[in-house]
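Read the structure below first, then the notes.
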Amino acid sequence: MRYKILIVFLFAFSYNGVAQMDANSLMGLPRGTTAEINAITSPNEGSIVYNSEDKRIYKFNGTIWVPLNIGNETKLVADSNISITGEGTDDDPYVIRAIPATLTENPDGSYTFSNGVDADVTITPGVAGNTPIVSGSNSNGGCANQFETNQTKDVVITGDYFDGSATVFIAGQTVNSVTVNSVNQLTANVTAGSTTGNFDISVTTNAGTGTLPSGFSIKVALVTYNYGASDITLSNQMSYTGGNLIRTAGTGWNQQGYSLVHNIPNDSEGHLNFTAGANNRYRMVGLNSDPAANASYSSIDYAIYLVVNGRIYIYENGGYKGNFTNYVQGDQFKINVACDGTVTYLKNGTVFYTSTITRSQPLYLDSSFYNSNGGANNISITY
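At position 224 of the sequence shown (counting the first as 1) the number is 223 in numbering that gives the first Met the number 0, and the numbers step up by one without a gap.
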């Protein structure tokens with residue numbers, strides 16, 4: 000009995016001593032380089048060895064040496080909308096994340112879910128909450144905005160509560176397409192009809208219809224007016240008969256014929272028309288915002304100067320703009336004013352000069368004659 004107690008006591012004492020390990024008490028595996036391991040002859044299946052080169056433990060599976068798992072041998076396969084990072088170890092664990100989707104509001108009022116990988120999902124509201132408001136368009140107002148008959152171009156319509164269900168109707172016109180740019184703007188490609196005037200624009204969505212009265216305009220055809228004798232104000236040495244304006248006596252830039260009866264209004268287009276008389280006299284004919292100011296050419300805003308040598312000069316507010324072309328008696332001249340205010344000069348239908356000065360006021364017939372028998376014939380104005 001005494002012996003048994005002593006043995007137990009000694010065993011317990013020995014066990015407590017083992018707990019105080021040091022490096023020399025650890026068990027070590029056989030080790031070798033890759034070449035040395037592969038050179039082992041007929042190792043037993045299940046044998047293990049430490050590779051001193053790659054610092055890994057290998058097991059012989061009966062055929063070859065294979066490394067024991069360290070964690071990152073696990074194969075994870077995911078669809079393209081899942082991202083996987085990490086090595087699968089304690090220090091660098093796998094992290095699996097789904098690529099987040101975003102919700103985007105589109106210009107037409109619809110919404111799109113997208114993660115950039117899977118097919119996008121677009122949601123269009125079935126019924127909008129507000130009836131569209133149509134507050135403006137770029138196809139009315141000044142003539143630069145208005146359509147010609149049978150012309151095709153875009154109309155920008157502004158307002159509120161536009162969405163992807165929006166359609167556009169303009170009586171008498173053909174709406175070719177509608178693009179919703181935002182809840183406040185859409186673009187309609189329109190082919191104008193053959194009837195001039197103003198027309199309502201209606202925008203319809205699932206929620207209702209909004210209308211802009213007279214939001215679409217087709218230009219009224221221009222009208223040409225011939226000046227009557229009572230329409231022309233003459234200096235004392237001037238004569239006007241049957242559309243022909245001529246100086247009858249004297250010399251000097253002090254005689255004129257002008258009219259305040261007709262004018263090319265602001266924000267409108269039009270042109271002054273006349274035919275050259277003899278090509279051996281000095282005279283200027285043109286358009287002016289204040290023709291009654293004086294009889295001198297220096298105040299005419301846009302003037303064609305017919306010179307004795309059969310040449311044509313352009314003067315604007317007394318400033319010389321150039322010597323451009325020849326003329327003979329009977330040549331037809333036109334000073335054209337475009338909707339945007341651009342002024343061009345034409346001889347027999349061909350532009351020979353475009354002004355760098357945009358008109359900003361209504362324009363009237365004006366002239367200045369230097370010597371007698373120099374005429375401007377068949378004078379008319381179109382607007």
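Cβ atoms here follow ideal geometry from the backbone N, Cα and C, with glycine treated the same way.
- Beta-carbon to beta-carbon, Y363 and Y257 are separated by about 7 Å, close enough to satisfy the 8 Å threshold.
- Burial check for R358: the Cβ neighbour count within 10 Å reaches 16 or more, so the residue is buried.
- Per DSSP, A187 is one residue of the beta strand (DSSP E) stretching across 184 to 190.
- With a cutoff of 9 Å on beta-carbon distance, D365 and N347 are scored as not near each other.
- By the neighbour-count criterion, in which a residue is buried when 16 or more other Cβ atoms sit within 10 angstroms of its Cβ, P66 is exposed.
- The alpha-carbon separation between Y93 and G85 amounts to approximately 4 Å.
- Taking 9 Å as the cut-off, the beta carbon of H261 is found closer than this to the beta carbon of Y224.
- As far as DSSP is concerned, D119 takes part in no beta bridge.
- When secondary structure is reduced to three states using DSSP, E35 falls in the helix class.
- For S138, the three-state secondary structure derived from DSSP is coil.
- Between S216 and Q145 a beta carbon distance of about 4 Å is seen, short of the 8 Å cut, so the two are scored as contacting.
- Nearest neighbour of F368 by Cα position, chosen from A294, I380, N137, turns out to be A294.
- Per DSSP, I63 lies in no beta strand (DSSP E) segment and is marked neither H nor E.
- Going by DSSP, L286 is part of the beta strand (DSSP E) stretching over 282 to 287.
- Contact check for V189 against T151 passes: the beta carbons are separated by less than 9 Å.
- Judged by DSSP secondary structure, D266 falls outside any beta strand (DSSP E); it is assigned neither H nor E.
- About 7 Å separates the beta carbon of V167 from that of I200, a gap short enough to meet the 8 Å contact definition.
- Taking every protein chain shown into account, the CB of R96 has fewer than 16 other CB atoms within 10 angstroms, so this residue is exposed.
- Within the same chain, Cβ atoms closer than 6 Å to the Cβ of N279 are found at V307, the five residues on either side in sequence being excluded.
- Taking C-beta separations shorter than 6 Å and ignoring five residues to either side along the sequence, the partners of R282 in its chain run L305, F368, G373, following chain order.
- Distances from the alpha-carbon of S379 to those of V284, C338, N322, Y352 put V284 closest.
- Straight through space, the alpha carbons of G321 and V174 are spaced by roughly 46 Å.
- Residue N370 holds the alpha-carbon nearest to the alpha-carbon of A277 among N370, S134, A220, A34.
- By the CB criterion at 9 Å, T204 and T157 fall outside the cutoff.
- Minimum Cα-Cα distance from S229 among the listed residues D153, I263, A220, G241 corresponds to G241.
- In this structure, the straight-line span from the alpha carbon of V116 to that of N105 is close to 19 Å.
- DSSP places N197 in the uninterrupted beta strand (DSSP E) bounded by 196 to 204.
- A38 and A118 have their C-alpha atoms spaced approximately 56 Å apart.
- When rounded, the separation of the alpha-carbon atoms in I231 and L259 is 8 Å.
- With respect to the C-alpha of T353, the residue from N376, E315, N325, T381 having the closest C-alpha is E315.
- Closest in alpha carbon position to A34, among L25, T111, W64, N43, is W64.
- Inclusion of V342 and Y382 in the CB contact set at 9 Å is not warranted, their separation being larger than that value.
- The bridge partners DSSP lists for D365 are G285.
- Within the stretch 159 to 183, no alpha helix (DSSP H) run of at least 4 residues lies entirely inside it.
- Secondary structure at A275: strand, using DSSP grouped into helix, strand and coil.
- Taking the CA atoms as reference points, S193 sits about 17 Å from C142.
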